[in-house]
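The structure appears below as structure tokens.
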């Protein structure tokens, strides 16, 4: 289950620069990739994840 509050799990699906990994690299199916993307964007909006790495 993908939760926007689970920052440790979401970080596994982002690059070191904070970008979301594409499906072919992360290995998720299309449905889960969509849920993952919305969770990451939601976490960014409430400042749990950075938009970009420094």
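Numbering (the numbering used here), first residue to last: 19 to 72.
All C-beta atoms, glycine included, are put in the ideal place defined by N, C-alpha and C.
Looking only at 58, 35, 69, 70, the smallest Cα-Cα distance to residue 26 is reached by 58. Beta-bridge pairing by DSSP links residue 43 to no other residue. Counting only the Cα atoms, residue 33 lies some 13 Å from residue 55. The beta-carbon separation of residue 60 and residue 22, rounded to 4 Å, stays under the 8 Å limit for a contact. Take residue 28, set aside five residues on each side of it, and the residues of its chain with a beta-carbon closer than 7 Å to its own are 57, 58, 61, 67, in chain order.
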